[in-house]
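Beneath this line is the structure, given in structure tokens, with notes to follow.
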Amino acid sequence: MKWLIFILVVIGALNWGLYGFFGFDLVAALFGATGILSRVIYDLVGLAGLYMLFTYGMWMGKK
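FYI, the numbering for the sequence shown is -12 to 50, going by my numbering.
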């Protein structure tokens, strides 16, 4: 499960980078700006980020 969360967070970071530097929203381009699939992807990326935030010690090898 950790690898899936990591991938979702990376997708979110890359999407934000593309949007910030070039004004391009990759998720919206692939799945439609108002599509349900885009909304689900955004939700999953957000939940993955929250999970990483609250389990920071585990991700960094701390106990």
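Ideal Cβ placement from N, Cα and C applies to all residues, glycine included.
Cβ-based neighbour list, residue i, same chain, cut-off 6 Å, excluding 5 preceding and 5 following
{"i": "Gly(-1)", "result": "Val32"}
Min CB distance residue i to chain B below 7 Å
{"i": "Val27", "result": "The structure shown has no chain B; it contains just one protein chain."}
Integer-rounded CB distance, given that residue j should sit under 8 Å from residue i
{"i": "Ile(-8)", "j": "Ala35", "result": "4 Å"}
{"i": "Leu13", "j": "Leu5", "result": "5 Å"}
{"i": "Val(-4)", "j": "Met45", "result": "Not confirmed; about 14 Å, so no contact."}
task: Write down every uninterrupted run of the alpha helix (DSSP H) in the segment 6 to 45 whose length is 4 residues or greater and which is fully enclosed by it, in chain order.
output: 13 to 18 and 23 to 41
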